[in-house]
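**Q**
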Amino acid sequence: MARVFSGVQPTGNLHLGNYLGAIRNFVPLQDSYDSLYCVVDMHAVTVWQDPAQMKTLTREVTAAYLAAGIDPKKAIVFNQSQVAAHAELAWIFNCVARLGWLNRMTQFKDKAGKNREKASAGLYVYPNLMAADILLYKATHVPVGEDQKQHLELAHDIAQKFNHDYAVEIFPQIEPLVLGSATRVMSLRDGKKKMSKSDPSDMSRIVMTDGPDEIAKKIRKATTDPNALPGVEVLTEKGEVPDETRAERPECWNLLGIYAALAERALSDVVAERAGQQFSAFKKALTELAVEQLGPVGTEMKRLMNDPGYIDSVLADGAARARALAGPVLAEVYDAVGFLRS
Ligand code: TRP
């Protein structure tokens, strides 16, 4: 069976963007693929993380996976640092990837900002670790958001260069399952910015553990414009929002996109239904839908977070199963590289 790998960083404030853009989409894949869902704690420490928070945040992502419907009997759910082979394969990939390739990574440029000299070396080689995550299991399908596409292309290039340089066929081709722009969730305060864990305003994001009152308040206060909702005539023939149209009313399109994603309906369908409506009425409908969809997930997350022993047992079991898959692949790689194994 084809294999899926994906990962989420334990950096806190898991929000609607993480849910709609990633976690929720992992769930149906577990029935048609051999799947591994990882809490990528080693990726998280490429920028400073409070050590006192790491364990809680690792359990939180695990709880989100489980609450969203990932079944730890079907999928392998684990945290990265418990499987040493990720770091071992990443080292080999540090020696395969070229500096020129890493220098093109836009996420490094964004995250390092102006003060590149102060960025960690880990942040720079982060894409090599990500390639190792995937290729350690010879995963072929990787569900990620648009922002990770460049990293997947790099993983593909690393796999091909390794196979070529060592004249082996160890690594498969990687197929991104890039999750559509429909699931690009923007800030509730500013529709031009992505919803983000690090936005100083709590009102900019709905987090996965928000209860009905918080969800209602955040949607009620979400930035909008004074006009009524648009109709389908502004969409393209394929039912998409032209960039210029979106740029005119980014907050409006964001809320419509969130509604469509939560309802699992086509955006054009929702636009047709809501055309001409006032925001006050639409926001009420959106709140109801969001509470209905997110409420049970948040409640289950909180219940799981109160049972850390159970979460840790899921991670321990997942790590053992992951190690069993990773071992033979790493052995194949070490053999190809020519490392002496006694
Ligand atoms: N880089 C991803 C992110 O920040 C997380 C990640 C790490 C990942 N390793 C991965 C995603 C492997 C898919 C596959 O969102």
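Using the working numbering, the first residue of the sequence shown is number 740, and each one after it goes up by one. All C-beta atoms, glycine included, are put in the ideal place defined by N, C-alpha and C.
Any heavy atom of the ligand TRP inside 7 Å of the beta-carbon of Q889?
**A** It does not: the Cβ of Q889 is nowhere closer than 7 Å to a heavy atom of the ligand TRP.
**Q** Tell me, to the nearest whole angstrom, how far the beta carbon of I954 is from that of V1030; I am working on the premise that it is less than 8 Å.
**A** Confirmed, about 5 Å.
**Q** Please classify N818: does DSSP put it in a helix, a strand, or coil?
**A** Note: N818 maps to strand in three-state DSSP.
**Q** Give a yes or no on whether the C-beta atoms belonging to V778 and V747 are separated by under 8 Å.
**A** Contact flag set, yes.
**Q** For Q912, which option in V883, M947 and A870 has the closest C-alpha, if you only look at C-alpha atoms?
**A** Per the Cα distances, A870.
**Q** Please classify L918 as buried or exposed, where buried requires at least 16 other C-beta atoms within 10 Å of its C-beta.
**A** When all chains shown are included, L918 counts as buried.
**Q** My output table needs one value for F744: the three-state DSSP class, helix, strand or coil.
**A** If DSSP states are grouped into helix, strand and coil, F744 belongs with the strands.
**Q** Return yes when the C-beta of G751 is under 7 Å from any heavy atom of the ligand TRP, and no when it is not.
**A** No; taking the cut-off as 7 Å, the Cβ of G751 has no heavy atom of the ligand TRP nearer than that.
**Q** Only counting the same chain, and skipping five residues up and downstream in sequence, which positions put a Cβ closer than 8 Å to that of G760?
**A** G884, L918, T922, R923 and V924.
**Q** Give the single residue among T948, K931, K956 and G930 whose Cα lies nearest to the Cα of M942.
**A** For M942, the nearest C-alpha among the options comes from K956.
**Q** If you run the structure through DSSP and keep just helix, strand and coil, what is P915?
**A** Reduced to three states, the DSSP call for P915 is strand.
**Q** So, helix, strand or coil for D716, using DSSP?
**A** This structure does not reach residue 716, given that the chain is present from 740 up to 1081, and the question cannot be answered.
**Q** Is it buried or exposed, M740, if we count other Cβ atoms within 10 angstroms and call 16 or more buried?
**A** M740 comes out exposed.
**Q** Buried or exposed for V910, going by 16 or more other Cβ atoms inside 10 Å?
**A** The residue you asked about is not Val; residue 910 is Phe in the sequence shown. Flag for F910 reads buried.
**Q** With a threshold of 7 Å, establish whether the CB of H782 neighbours any heavy atom of the ligand TRP.
**A** Under cutoff, so the answer is yes.
**Q** Comparing C-alpha positions only, which one of V973, V881 and I958 sits nearest to D773?
**A** Checked all of V973, V881 and I958; the closest Cα to D773 is V881.
**Q** Beta carbon of Q912: closer than 7 Å to some heavy atom of the ligand TRP?
**A** No - the ligand TRP has no heavy atom lying nearer than 7 Å to the Cβ of Q912.
**Q** One question on the structure: do K877 and P915 come within less than 8 Å of each other, judged by their Cβ atoms?
**A** Contact: no.
**Q** For D825, count neighbouring C-beta atoms within 10 Å of its own C-beta (all shown protein chains included) and say buried if the count is 16 or more, exposed if not.
**A** Reading off the sequence, residue 825 comes out as His, not Asp. By the neighbour-count rule (16 or more Cβ atoms within 10 Å), H825 is buried.
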